[in-house]
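Residue numbers (my numbering): 3 to 744. Let me begin by presenting the structure, written as structure tokens, before commenting on it.
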Ligand SMILES: [Zn+2]
Ligand SMILES: [Zn+2]
């Protein structure tokens, strides 16, 4: 048999052809669901519109896309679409740097990033993509804000923010560098401000309970479950009621039920609902006010610097000893807004506090009457670190908060039917002030209640608040997007797609996901999501780690950034996608090396050239004369090949179902080696492949092409066609339907 000249692997030509074909047949359009059809909403993360797709995005979307293509190939209806997270600081800073309005900046970024993702061949339904900064989209945030406000899940509270006097603006944490303003380098102050808060505490215990159900379902990977436990910050222990000499009681918590007698003090969080009862004199009150305006979010690692207020009160402790009552934010970071026993023997933070307490007191503690050891009822109890957080920001590039302040009526919510409250598009933030507050056309408004003069709220919603709903609109068919939200939540399509089958996101998404789970439960109880009985937005979840290089995070500063565009230009999209999946399990940090790309490229090149060469052989054989019938000496080898194929399909299918893409890719590579091995053995035994051998080989290569579909979709579809199959429809997963070669 003569070796045919290998057909060269030209990824650019192949990928351009396949992508044109996909566009022409609208291959990734979300199907409308028919009753009982298996379906899956695969939720990718929502990228910030901050410039470019980076290699971390490529990793994330390669996992999600492989799963989407695998699911389609198995006959599932698939929804795979996302919206850009377009509001917030990164976009605002990008716009300031480029001298554009944020609105121009994000639309330019979204267009560019969409182009990059399309070049990579990801199978998103682009008709369903959107920017969170479009008015028809941010009305979701405003609707959600008003809905939660009406149900007491959004409220006004006081909190501290970083403030630059020189720039007359509040700053985000990342804009404070060593206590100085990022823009003018003047010192930053902490000031107290009234802010809007989200009351997640109402649903924290249910999130805890449901986490156990999610773990039992087996659809959440360990890393995503761990992130939920971390955000939750659950501490198990006991609580008991202690009494002050005047009879006032306080419920205190401790995780150390076996060491109650070792308690040396009681610490109350400044956010404890009853904290003011323990503030007896103006000096302590002043300290508390100062503490409240001085940043309450520090954690226990800073125990030696954390504020400590001695209230002068005592509670009778479990051993009968009087315990001084302190107020300290050191409680919050460990146990939430509660009161705890301080047990220096068992807790490092408590030890530091006890030491400082001893140093503060000049005279020996004036112990009030030593109570006789009382009998305490000790109850099992749980505390959570997760707590309410502020959702308003003093910045212009965000969803306007639909609130109006009227001299007559006070704080007035904008009526639902007047949404959206539009954000002016020609804002040009400079980093100083809040441009929204300086716009008379935005600020001055008639009160929706009395018609009198009023002012709009000029704080905007943090983009974290947008994220609370960003996972929903992909389920809305594009032509239904303009409808009132009440009608949208009633859409049959939306109700079918939710909850999402699988979320695939970076391991830094734990907070987003936790709060999305909270809000789903709130909307379930309020009504719009009542059809999600357990209040869980994601039936399954996979968190992947990031991509680093030379053991370090990639940054322009270090000059170690891997540019996906450059890689695609050199090797083609299929190679880059295969390489990020081949290089590491999703749950492991991917330390970038070019060897994974080279290995993947070599593999795809070999598959391409080998398949074409064998196909040419097969065609030559088919046209040759049958000749004399000969004894079949390779049947056992063909059987072996067929067993290898069956085993590979079984294994790879299991791996795809559990999103173990990395193992799946390795098993595909192994199968290819076995196919080549089969040919070698047959040739060694009988000199050349006969027709039956050649048919078996082509069947195996066809199977290989189908298995490669989720990973190297362009190459695999072209091979599929070359091997004589229909390329106008979804390439089927082996064993799924009659379309698969016998
Ligand atoms: Zn400044
Ligand atoms: Zn009014």
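Even for Gly, the Cβ is constructed at its ideal location relative to N, Cα and C. In this text, all values refer to a predicted model and were calculated from it rather than measured experimentally.
DSSP state of residue 9, grouped into three classes?
-> Taking the chain shown and counting its residues from 1, one reaches residue 9 at position 7. Reduced to three states, the DSSP call for residue 9 is coil.
How would you label residue 597, buried or exposed, when you count the other beta carbons within 10 angstroms and need 16 or more for buried?
-> To locate residue 597, count along the chain shown from 1; it is residue 595. Label assigned to residue 597: exposed.
Out of curiosity, what's the CA-to-CA distance linking residue 661 and residue 69?
-> Along the chain shown, read from residue 1 onward, the residue named residue 661 stands at position 659. Along the chain shown, read from residue 1 onward, the residue named residue 69 stands at position 67. Each residue's Cα considered, the two are about 7 Å apart.
By DSSP, does residue 14 sit in helix, in strand, or in coil?
-> To locate residue 14, count along the chain shown from 1; it is residue 12. Three-state result, residue 14: helix.
What is the residue span of the beta strand (DSSP E) that residue 160 lies within?
-> The residue labelled residue 160 in the question sits at position 158 within the chain shown. Residues 156–166.
Near residue 66, what residues of its chain come up, given a Cβ to Cβ distance below 6 Å and the 5 sequence neighbours on each side ignored?
-> In the chain shown, residue 66 corresponds to position 64, counting from 1. Only 44, 46, 506 meet the Cβ criterion.
Using the DSSP secondary-structure output, state which residues sit across from residue 254 in a beta bridge.
-> Here residue 254 refers to the residue found at position 252 of the chain shown. Its beta-bridge partners are 242.
Okay, do the segment 338–349 and the segment 259–269 touch, 3+ Cβ pairs below 8 Å being the bar?
-> yes
Residue 344 by DSSP, collapsed to three states: which one?
-> One-based indexing of the chain shown puts residue 344 at position 342. Residue 344 falls in the strand class under three-state DSSP.
Please name the residue or residues paired with residue 60 in a DSSP beta bridge.
-> Taking the first residue of the chain shown as 1, we reach residue 60 at position 58. For residue 60, which the question treats as bridged, DSSP gives no partner whatsoever.
Report the residue from 490, 334, 542, 77 whose alpha carbon sits nearest the alpha carbon of residue 223.
-> Numbered from 1 along the chain shown, position 221 holds the residue referred to as residue 223. The shortest C-alpha separation from residue 223 is found at 542.
Determine the direct distance from the alpha carbon of residue 414 to that of residue 408, and round the result to whole angstroms.
-> Here residue 408 refers to the residue found at position 406 when the chain shown is read from its first residue. Here residue 414 refers to the residue found at position 412 when the chain shown is read from its first residue. Each residue's Cα considered, the two are about 7 Å apart.
Buried or exposed for residue 169, please, with buried defined as at least 16 other CB atoms from any protein chain shown within 10 angstroms of its CB.
-> On the chain shown, residue 169 is found 167 positions in, with the first residue counted as 1. When all chains shown are included, residue 169 counts as buried.
Cut-off 7 Å between Cβ atoms - residues of its own chain near residue 605, not counting five sequence neighbours on either side | For the purposes of this step, residue 605 is taken as the residue at position 603 of the chain shown. These residues qualify, in order along the chain: 671.
If you compare alpha carbons, which of 668, 654, 429, 118 is closest to residue 601?
-> In the chain shown, counting from the first residue as 1, residue 601 sits at position 599. Minimum Cα distance to residue 601 is reached at 668.
Should residue 146 and residue 388 be called a contact, given that it needs their Cβ atoms to be closer than 8 Å?
-> Reading the chain shown from its first residue, position 144 is the one you call residue 146. Reading the chain shown from its first residue, position 386 is the one you call residue 388. No, the pair does not count as a contact, with Cβ atoms beyond the cut-off.
Smallest Cα separation from residue 321: which of 331, 273, 260?
-> Here residue 321 refers to the residue found at position 319 when the chain shown is read from its first residue. Selected option, being the one with the closest Cα: 260.
On a CA-only basis, which of 26, 74, 113, 14 is nearest residue 55? Give me that one, please.
-> The residue given as residue 55 occupies position 53 in the chain shown. Considering only alpha carbons, the answer is 113.
How many angstroms separate the CA atom of residue 454 from the CA atom of residue 410?
-> Locating residue 454 in the chain shown gives position 452, counting from the first residue. Locating residue 410 in the chain shown gives position 408, counting from the first residue. When rounded, the distance between both Cα atoms is 8 Å.
Cβ pair count under 8 Å reaching 3, the segment 532–541 against the segment 562–570 = no
Among 384, 575, 98, nearest to residue 239 - alpha-carbon criterion = As a working note, residue 239 is residue 237 in the chain shown. Comparing Cα-Cα distances from residue 239 to each of 384, 575, 98, the minimum goes to 384.
Output the boundary residues of the alpha helix (DSSP H) element that contains residue 188.
-> Working through the chain shown from its first residue, we reach residue 188 at position 186. Residue 188 -> no alpha helix (DSSP H), and no H or E assigned at all.
Taking C-alpha atoms, which residue in 130, 99, 642, 87 lies nearest to residue 109?
-> The residue you call residue 109 lines up with position 107 of the chain shown. Per the Cα distances, 87.
Distance, Cα to Cα, residue 703 vs residue 696?
-> For the purposes of this step, residue 703 is identified with residue 701 of the chain shown, where counting begins at 1. For the purposes of this step, residue 696 is identified with residue 694 of the chain shown, where counting begins at 1. One C-alpha to the other measures close to 10 Å.
For the 8 Å Cβ check, are there 3 or more pairs between the segment 630–639 and the segment 684–695?
-> yes
Three-state secondary structure (DSSP) at residue 134?
-> Within the chain shown, numbered from 1, the residue matching residue 134 stands at position 132. Correct three-state label for residue 134: coil.
Unbroken alpha helix (DSSP H) run spanning residue 614, endpoints = Taking the first residue of the chain shown as position 1, residue 614 is located at position 612. Segment 596–625, the alpha helix (DSSP H) holding residue 614.
Could you pull out every residue in the same chain whose Cβ sits closer than 8 Å to the Cβ of residue 231, ignoring the five residues on either side in sequence?
-> Residue 231 sits at position 229 when you count from the first residue of the chain shown. Around residue 231: 213.
Could you have a look at residue 314 and say whether DSSP puts it in helix, strand or coil?
-> On the chain shown, position 312 is the one that residue 314 refers to. In the structure shown, residue 314 sits in a strand (DSSP, three-state: E or B).
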